[in-house]
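Notes follow the structure.
In the working numbering, the protein residues as written are 521 to 784.
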């Protein structure tokens, strides 16, 4: 079984800053790391590999420095890392990103299963994985929190509870699943795997390599039908405190007056 894991390198959201004028995240303002949900996706693939036997490849789209995340993925149990990198990929929205990723999947060849996290912590759209499946015309299941069974032909999964019920889905391979953080507990990489990750060759793919599957007009900023017009960061509001040392009727009168003022 060949498994492909889609990962995204994201900035540390506790430290990152926003460029409000351009409407983008200032990714240079914080260190980058693998999107937390994608670490669960990688662990899912590695668990299937350990249980049933498989080859796990990891694909990410980003600048050359994203190679660091692919080496981290190898340290966590992947067999190879693939970097989709080109300046023309920059500025892509979810649609252009999914189009580019699906083109890379076609370029690389056949995969039985594609695994991704349900969303990224910097965008929080939960769209890219499903869009990739649509562009590839394969079945997909989202919010997966349990793998029930899998073989070379089918995979059966259980989704998290939505609107009071869970779903069990059996899909024919090839298929794509988007997993939640509840599906597993990611293991830390061993020292031996970390050392080996420093020596691996990371395969790089450019727009020119994908010329049979996608044009420049369909990727990056040019291929993005959505644009961010404005970013507003809400200011922190300090809560007002009120100490009442009079009787209940006085407190009630003060509260009513404040409520009337708020309504005005």
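Where a beta carbon is used, it is the ideal one built from N, C-alpha and C, also for glycine.
It should be emphasised that the depicted structure is a prediction, and the values quoted were computed from it without experimental measurement.
Original post:
Does the Cβ of residue 657 have 16 or more other Cβ atoms within 10 Å, making it buried, or fewer, making it exposed?
Top reply: Locating residue 657 in the chain shown gives position 137, where the first residue counts as 1. The residue is exposed, with fewer than 16 neighbouring Cβ atoms inside 10 Å.
Original post:
Starting from residue 689 and walking both ways along the beta strand (DSSP E), at which residues does that stretch end?
Top reply: By one-based count along the chain shown, residue 689 stands at place 169. 688-692 is the span of the beta strand (DSSP E), which, as asked, contains residue 689.
Subject >> Beta carbon of residue 694 nearer than 7 Å to that of residue 631 >> reply: On the chain shown, residue 694 is found 174 positions in, with the first residue counted as 1. On the chain shown, residue 631 is found 111 positions in, with the first residue counted as 1. Yes, the pair counts as a contact, with Cβ atoms nearer than the cut-off.
Original post:
Should the segment 635-650 be called in touch with the segment 665-676, which here means at least 3 C-beta pairs below 8 Å?
Top reply: no
**OP:** Quick one: using the 10 Å Cβ neighbour count with 16 as the cut-off for buried, is residue 711 buried or exposed?
**Re:** Counting from 1 along the chain shown, the entry for residue 711 is found at position 191. Label assigned to residue 711: exposed.
Subject >> Residue range of the beta strand (DSSP E) that includes residue 663 >> reply: Residue mapping note: residue 663 aligns to position 143 of the chain shown, counting from 1. Run containing residue 663: 660-670, per the beta strand (DSSP E) assignment.
**OP:** Could you have a look at residue 527 and say whether DSSP puts it in helix, strand or coil?
**Re:** Within the chain shown, residue 527 is the residue found at index 7, counting from 1. Of the three classes helix, strand and coil, the one that applies to residue 527 here is strand, per DSSP.
**OP:** Could you check how far apart the C-beta atoms of residue 554 and residue 589 are, in whole angstroms? I think they sit under 8 Å.
**Re:** In the chain shown, the residue the question calls residue 554 occupies position 34. In the chain shown, the residue the question calls residue 589 occupies position 69. About 5 Å separates the two Cβ atoms, so the contact holds.
Subject >> Start and end residues, alpha helix (DSSP H) containing residue 652 >> reply: The residue given as residue 652 occupies position 132 in the chain shown. Start and end: 648-656.
**OP:** Just grab the DSSP bridge partners of residue 581 for me.
**Re:** Counted from its first residue, the chain shown places residue 581 at position 61. For residue 581, which the question treats as bridged, DSSP gives the partners 604.
Original post:
DSSP on residue 630, reduced to helix/strand/coil?
Top reply: Start at 1 with the first residue of the chain shown, and residue 630 comes out as number 110. DSSP places residue 630 in coil when its eight states are reduced to three.
**OP:** Please report the Cβ distance between residue 739 and residue 609, rounded to the nearest whole angstrom; I am assuming they are in contact, meaning their Cβ atoms lie under 8 Å.
**Re:** Residue mapping note: residue 739 aligns to position 219 of the chain shown, counting from 1. Residue mapping note: residue 609 aligns to position 89 of the chain shown, counting from 1. Indeed they touch by this definition, with Cβ atoms about 6 Å apart.
**OP:** Determine the DSSP secondary structure at residue 552, reduced to helix, strand or coil.
**Re:** Here the question's residue 552 lines up with position 32 in the chain shown. The answer is strand: DSSP assigns residue 552 an E or B state.
**OP:** Under 8 Å by Cβ, that's how I've got residue 596 and residue 566 pegged, so tell me the actual separation to the nearest angstrom.
**Re:** Mapped onto the chain shown, residue 596 falls at position 76. Mapped onto the chain shown, residue 566 falls at position 46. Going by Cβ atoms, the distance from residue 596 to residue 566 rounds to 7 Å, so yes, they are a contact pair.
**OP:** Mind checking which residues open and close the alpha helix (DSSP H) that includes residue 732?
**Re:** As a first step, residue 732 must be located in the chain shown, where it is residue number 212. Taken as a continuous stretch (DSSP letters only), residue 732 belongs to no alpha helix (DSSP H), as it is neither H nor E.
Original post:
On the three-state DSSP scale, how would you describe residue 522?
Top reply: Here residue 522 corresponds to residue number 2 of the chain shown, with the count starting at 1. Strand.
Original post:
Since residue 696 is in the beta strand (DSSP E), which residue starts that stretch and which ends it?
Top reply: In the chain shown, counting from the first residue as 1, residue 696 sits at position 176. Here the beta strand (DSSP E) through residue 696 covers 695-699.
Subject >> Where residue 688 falls, given that 16 or more other Cβ within 10 Å makes a residue buried >> reply: Looking up residue 688 in the chain shown gives position 168. Answer is exposed; the Cβ neighbour count stays below 16.
Original post:
Residue range of the beta strand (DSSP E) that residue 742 falls in?
Top reply: Position 222 of the chain shown, counting from 1, holds the residue named residue 742. Element bounds for residue 742: n/a, residue is neither H nor E.
Original post:
Can you tell me whether DSSP reads residue 784 as helix, strand or coil?
Top reply: Along the chain shown, read from residue 1 onward, the residue named residue 784 stands at position 264. Residue confidence is low: residue 784 scores 48 on pLDDT, short of 50, so the model does not pin down where it sits. No coordinate-derived value is stated.
Original post:
With a Cβ-Cβ cutoff of 7 Å, do residue 664 and residue 676 count as a contact?
Top reply: Taking the first residue of the chain shown as position 1, residue 664 is located at position 144. Taking the first residue of the chain shown as position 1, residue 676 is located at position 156. Not a contact, by the Cβ cut-off of 7 Å.
Subject >> Of the listed residues 734, 733, 628, nearest to residue 525 (C-alpha basis) >> reply: For the purposes of this step, residue 525 is taken as the residue at position 5 of the chain shown. Of 734, 733, 628, the residue nearest in Cα terms is 628.
Original post:
Where does residue 678 fall in DSSP's three states?
Top reply: For the purposes of this step, residue 678 is taken as the residue at position 158 of the chain shown. Looking at residue 678 - three-state DSSP - the assignment turns out to be strand.
Original post:
Three-state secondary structure (DSSP) at residue 683?
Top reply: Reading the chain shown from its first residue, position 163 is the one you call residue 683. Correct three-state label for residue 683: coil.
Original post:
Can you list, in chain order, the residues of its chain whose CB lies under 8 Å from that of residue 720, leaving out five sequence neighbours each side?
Top reply: As a position in the chain shown, residue 720 is number 200, starting the count at 1. Excluding positions up to five away in sequence, the list reads 591, 594, 600, 601.
Original post:
For residue 736, which residues from the same chain have a beta carbon less than 6 Å from its beta carbon, with the 5 sequence-adjacent residues on both sides left out?
Top reply: For the purposes of this step, residue 736 is taken as residue 216 along the chain shown, with counting starting at 1. Excluding positions up to five away in sequence, the list reads 608.
Original post:
For residue 797, which residues from the same chain have a beta carbon less than 8 Å from its beta carbon, with the 5 sequence-adjacent residues on both sides left out?
Top reply: Residue coverage of the chain in this structure runs from 521 to 784, which leaves residue 797 outside it and unanswerable.
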